[in-house]
């Protein structure tokens with residue numbers, strides 16, 4: 004899913020990280036890159052193709068039956084299209100064929 008937002012990429016990144024870090028309803032979490040942690044800020048790399056990517060974020064969503072390492076992976080990148088921002092979101096179910104798990108791809 005890709006959307007256009009009027010907010011700047013730095014604001015979208017901060018809000019997204021805040022929501023994931025808060026746990027929201029106890030099923031979401033912010034995921035770091037491990038050790039070494041490469042960080043979320045892509046601006047020093049000046050990526051312009053295929054888009055002007057500014058940030059990359061990863062989270063996890065836990066469903067009642069699938070948690071922790073079995074929880075779904077949420078990937079986000081945030082580009083600067085000129086004005087505003089363009090976040091792109093992708094979800095990956097960790098358990099193949101997890102029908103009825105109530106995860107992010109449920110509805």
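Numbering (the numbering used here), first residue to last: 4 to 110. Ideal placement from N, C-alpha and C gives every residue a C-beta, glycine not left out. These numbers were taken from a predicted model, which means no experiment stands behind them.
For residue 48, no alpha helix (DSSP H) run applies, since DSSP gives it neither H nor E.
Cβ neighbours of residue 26 within its own chain (closer than 8 angstroms, five residues either side excluded): 32. In the structure shown, residue 71 falls within a helical segment according to DSSP collapsed to helix, strand and coil. The beta carbons of residue 24 and residue 89 sit about 22 angstroms from each other, so the pair does not count as a contact at 8 angstroms.
For residue 91, the uninterrupted beta strand (DSSP E) segment begins and ends at 89-95.
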